[in-house]
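In the working numbering, the protein residues as written are 982 to 1065.
Idealized CB from N, CA, C, for every residue including glycine.
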């Protein structure tokens, strides 16, 4: 799925967990994947920096992470990562 961007196994797993949920705080994919929240937060933040995940923040609430819509991703907006 993300092979063109060269993700590691943790990134691939956490991204798939996020896609399955649609949107999630750090807690949900951490619980689903049996990974520490600190690791999931780090991976989601990195994926966000690459444009693969977007953050939906609401004042006073834990940020929600959402997989970037496919149309947006296909436009080549990967935070500076080459797509071809």
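Burial state of residue i (16 or more Cβ within 10 Å)
| i | result |
| --- | --- |
| residue 1005 | buried |
| residue 1032 | buried |
| residue 1038 | exposed |
Whether residue i touches residue j by CB criterion (8 Å)
| i | j | result |
| --- | --- | --- |
| residue 1000 | residue 1022 | no |
| residue 1016 | residue 1009 | no |
| residue 1034 | residue 1048 | yes |
| residue 998 | residue 1013 | yes |
Own chain partners of residue i with C-beta closer than 6 Å, once the 5 adjacent residues on each side are dropped
| i | result |
| --- | --- |
| residue 1024 | 991, 992 and 995 |
| residue 1060 | At residue 1060 the pLDDT is 47, less than 50, meaning the model places this residue with poor confidence; the figure from the coordinates comes in the next sentence. 1030, 1031 and 1032, listed in sequence order. |
Same chain, Cβ closer than 8 Å to residue i, five either side skipped, listed in chain order
| i | result |
| --- | --- |
| residue 1045 | 1004, 1005, 1006, 1036, 1037, 1038 and 1039 |
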